[in-house]
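Okay, so here's the structure we're looking at.
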């Protein structure tokens with residue numbers, strides 16, 4: 000028999016809400032997260048007293064309090080590295096490296112709520128120290144109270160741009176330029192979605208006013224051309240872009256002295272767990288890329304496997320707990336712990352609220368839907384795969400020689416084979432293959448393999464004697 | 008570039024240099040604040056690399072923390088922690 | 210032109226399967242003057258040929274296959290940088306008396322079969338690879354052993370197929386093969402074509418295709434696990450194995466350590482890709498760390514599996530399909546990464562009507578009902594020359 004009814008991987012707003020809901024329904028529930036407490040990236044637990052304040056902090060505190068008051072068993076500081084069908088019981092086997100070493104658990108149902116990493120498309124010089132992601136900058140600013148630099152260029156697309164810029168000002172740094180790939184028309188198109196969350200929309204307007212007051216130069220429909228410096232960022236070259244985000248040829252570029260660049264192009268759902276388990280996935284660029292195919296309650300194509308939150312599709316932090324709770328209800332229903340009527344009654348209001356909350360998150364995600372010019376306009380010498388230090392030119396040559404899928408490109412060049420597991424280059428590789436005329440079906444979803452993230456080998460092997468290694472008795476040949 | 012404020016101060020060493028951090032800060036953030044941004048080297052060119060993602064993905068902040076190779080953005084500073092750059096790969 | 214398929218032409222030969230076996234055969238046929246089409250369900254060289262640990266070791270080849278392995282080895286060396294060939298020498302380790310006895314027996318036999326293998330004492334092991342475990346009791350050493358980068362299989366053969374004038378079609382999963390008056394019709398979703406000659410080189414899927422032609426073959430699949438660590442400082446220069454064959458280990462130029470040994474994952478070729486089994490992987494890692502203690506400081510980056518096909522006697526299927534005209538199979542070659550490029554040439558020669566340099570392995574030996582159980586056969590070769598890796 001499985002030890003748990005439900006294991007939840009990821010303690011962000013989706014996973015934590017799901018775990019609380021599941022435990023409330025009487026399910027034995029285990030919640031894994033790498034961090035020291037629940038909250039995920041968006042409601043990251045504050046590192047220290049100075050790093051508190053703001054509406055996100057309050058939401059995070061409420062989440063953690065709810066969890067503390069629940070029957071959920073928490074496994075923080077654990078990196079889940081393996082998932083598969085359990086050999087001894089119906090359900091799943093998970094393995095996670097934590098403070099006490101490697102831990103194996105079984106659960107009848109599994110919810111993937113692993114959140115996102117950040118998508119950053121390359122530019123020349125983006126590997127210099129001092130270039131960070133926008134999400135990285137929010138972590139430095141919000142939970143660490145560290146400035147990315149003294150004079151920072153903030154560039155890319157989406158709602159993190161003003162958030163990071165304001166955060167820099169609040170900590171006493173200077174924003175040398177705010178460079179947005181989107182223009183006013185793109186933001187206007189997002190307005191109907193923004194109206195779903197007037198509180199957040201007002202917060203955004205407040206940020207813009209703050210930036211204007213501080214005299215931060217704002218460049219819309221502009222992008223980063225190159226970063227330069229010897230040992231670290233010294234200057235950032237920016238210039239206007241075309242509608243497809245290709246560098247515009249007509250107008251001159253601008254060189255800005257800066258010691259840091261915060262660059263980001265939206266969030267990347269962490270769908271490794273559902274891909275590892277072999278659930279069906281579909282390519283949905285507007286919702287983050289390769290995503291598990293889900294029903295309205297978060298059921299994947301595999302029995303008793305669920306996904307919720309931004310790791311399943313980019314609907315935002317407002318929608319995440321609702322999706323998480325729905326998935327928990329579905330799990331309880333599928334495990335026979337909730338009647339169909341009770342499920343329907345509880346799920347209906349959640350679904351309504353989810354649809355509304357999702358409008359805002361979807362509008363934000365659409366501001367970051369990749370456009371082809373961003374990668375097509377990339378110079379041949381720019382590094383496209385950071386881990387293996389492969390240039391766009393090298394990847395282009397392999398594609399021209401016949402590599403027509405992510406897997407073939409990876410085999411031919413090592414793109415995506417490095418320690419980031421392809422999280423920082425798959426979107427670029429996908430865009431380059433698409434530019435060469437390959438369809439999403441041909442390109443394929445990135446493969447997910449254990450360990451889901453690198454883990455110390457010694458933590459896996461533990462202490463053992465040679466006699467413990469089950470080498471089968473040798474037979475004569 | 009840490010903002011001065013409340014928080015207990017801790018000391019740790021980085022490649023033998025004694026540094027100060029605020030309790031709760033990650034090793035990577037404390038190093039960043041102390042002016043150490045280049046923590047790793049690119050595999051082919053040997054060019055400097057620094058923390059990029061701050062969420063344990065990019066591996067450009069991988070350091071030996073008390074002898075174990077970890078993403079330094081995922082580890083909080085503790086008093087007396089010994090942090091080193093790892094030996095360069097083959 | 211008779212028997213034309215929907216394409217309106219008949220190929221001289223159609224090869225199903227774009228691994229080393231199929232590609233090497235197709236190239237031989239193309240260079241021999243035939244018009245050849247190669248159909249691959251996925252992408253070229255992405256099956257077992259592209260995901261194995263790349264070990265090129267004569268120490269894990271059975272004596273009867275040694276002449277093939279020696280020649281295959283020479284072909285990999287000639288391919289050189291294009292396949293990431295490295296001749297590093299190879300050590301095989303024994304930690305117990307029993308392992309030492311087995312090592313002695315097997316390596317003696319393999320040396321007699323032509324491999325330059327010698328048994329060496331622990332002192333010499335320390336000189337060759339000072340960071341290996343100090344618990345080695347006895348080892349064998351083969352100076353020509355090495356490895357290649359199996360990831361490059363696809364790009365290497367893509368170029369070679371082009372040069373040989375072979376038409377390559379990727380993403381074409383042949384669902385059915387039908388006999389025609391003069392040849393065969395191959396049906397893949399959305400396309401079908403005809404060819405006078407047929408070669409099944411579809412690895413673990415070859416059995417099913419042969420069965421469809423009324424020629425059942427006892428093809429089974431193993432699910433081999435391979436792992437790689439993040440980059441490490443230089444730990445070991447040569448490839449390393451274990452007397453049981455349950456470990457292969459090598460450190461690439463870039464510092465990452467590749468670990469294999471045929472530890473079993475789970476999967477069924479007819480039901481999709483295989484998957485890693487954690488307990489199996491952990492055992493593999495423990496054995497690797499025992500052999501090379503510094504691995505304790507490594508980080509595991511990725512583990513994966515590949516299907517390796519075999520028949521009950523663990524010798525290749527290489528030759529004409531019994532009872533069919535101009536239909537051939539090349540699969541189930543244990544140690545196929547090393548041997549593949551060579552045995553593909555041999556089959557090509559057979560099809561072209563030339564006398565192969567070395568004898569092939571008649572699939573007809575399985576035409577009669579299996580007299581011995583599969584289990585019995587597997588036990589007979591247990592521990593010997595584990596699959597890929």
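Protein chains in written order, with our numbering: chain A, 0 to 476; chain B, 8 to 97; chain C, 210 to 598. Every residue gets a Cβ at the ideal spot worked out from N, C-alpha and C, and that includes glycine.
Item	Value
From C/516, C/479, C/409 and C/505, residue whose alpha carbon lies closest to that of residue 234 of chain C	C/409
Interface residues of the segment 289 to 311 of chain C facing chain A [CB-CB below 9 angstroms]	304, 305, 307, 308, 310 and 311
Rounded straight-line distance, which links the Cα of residue 323 of chain C to that of residue 394 of chain A	42 angstroms
Residue burial classification, residue 211 of chain C (beta-carbon count within 10 angstroms, cutoff 16)	Because residue 211 of chain C sits at a pLDDT of 39, beneath the cut-off of 50, its placement in the model cannot be relied upon, and the following sentence gives the value as read from the coordinates. With fewer than 16 Cβ atoms within 10 Å of its Cβ, residue 211 of chain C is classed as exposed.
Contact set for residue 28 of chain A: own chain, Cβ-Cβ below 6 angstroms, skip 5 residues either direction	5, 18, 21, 22 and 71
Continuous beta strand (DSSP E) assignments of at least 3 residues falling wholly in the segment 211 to 290 of chain C	219 to 225 and 245 to 248
Near-chain B residues of the segment 121 to 148 of chain A (beta-carbon distance less than 9 angstroms), N- to C-terminal order	125, 126, 127, 128, 129, 130, 131, 132, 134, 135, 136, 137, 138, 139, 142, 143, 144, 145, 146, 147 and 148
Identity of the residue in A/61, A/336 and A/316 nearest residue 158 of chain A by Cα	A/316
Nearest candidate by alpha-carbon position, reference residue 567 of chain C, set C/576, C/548, C/574 and C/573	C/548
Best match in C/295, C/469, C/545 and C/542 for proximity to residue 509 of chain C [C-alpha to C-alpha]	C/469
Where the beta strand (DSSP E) containing residue 143 of chain A begins and where it ends	Per DSSP, residue 143 of chain A belongs to no beta strand (DSSP E) and is neither H nor E.
Spatial neighbours of residue 352 of chain A in its chain, beta-carbon cut-off 7 angstroms, leaving aside the 5 residues before and after	321
Neighbour-count burial assignment, residue 52 of chain B, 16 or more Cβ in a 10 Å radius	exposed
Residue of C/521, C/573 and C/407 minimising C-alpha distance to residue 220 of chain C	C/407
Within chain B, the residues that residue 367 of chain A reaches when beta carbons sit closer than 7 angstroms	By Cβ distance, chain B contributes nothing, its closest Cβ being about 16 angstroms from residue 367 of chain A, past 7 angstroms.
Cβ separation of residue 222 of chain A and residue 238 of chain A, assumed to be a contact under 8 angstroms, to the nearest whole Å	7 angstroms
Residue burial classification, residue 171 of chain A (beta-carbon count within 10 angstroms, cutoff 16)	exposed
Continuous beta strand (DSSP E) assignments of at least 3 residues falling wholly in the segment 78 to 132 of chain A	78 to 84, 91 to 97, 100 to 111, 115 to 117 and 130 to 132
Under 8 angstroms from the C-beta of residue 512 of chain C: neighbouring residues of chain A	448, 449 and 450
Chain A contacts from the segment 432 to 447 of chain C (Cβ-Cβ distance under 7 angstroms)	438 and 439
Strand pairing of residue 513 of chain C, partner residues [DSSP]	C/435
C-beta atoms of residue 484 of chain C and residue 83 of chain A nearer than 8 angstroms	yes
Cβ-based neighbour list, residue 505 of chain C, same chain, cut-off 7 angstroms, excluding 5 preceding and 5 following	498
Reference residue 31 of chain B, options B/84, B/90, B/71 and B/97, closest by Cα	B/84
Chain B contact for residue 371 of chain C (CB, 8 angstroms cutoff)	no
Enclosing beta strand (DSSP E) for residue 239 of chain A [first to last residue]	234 to 239
C-alpha gap between residue 374 of chain C and residue 433 of chain A, whole angstroms	27 angstroms
Proximal residues, the segment 50 to 66 of chain B versus chain A, C-beta separation under 9 angstroms	50, 51, 52, 54, 55, 56, 57, 58, 59, 60, 61, 62, 63, 64, 65 and 66
Contact set between residue 117 of chain A and chain B, taken where Cβ atoms lie within less than 7 angstroms	60
Distance, residue 229 of chain C Cα to residue 96 of chain B Cα	32 angstroms
Alpha carbon of residue 134 of chain A to alpha carbon of residue 436 of chain C, nearest angstrom	31 angstroms
Beta carbon proximity, residue 285 of chain A to chain B, threshold 8 angstroms	no
Chain B contacts made by the segment 204 to 231 of chain A, where a contact means CB separation under 7 angstroms	230 and 231
Residues sharing a beta bridge with residue 393 of chain C, DSSP	C/388 and C/404
Alpha carbon of residue 250 of chain C to alpha carbon of residue 378 of chain C, nearest angstrom	9 angstroms
Within-8 angstroms CB hit, residue 457 of chain A to chain C	yes
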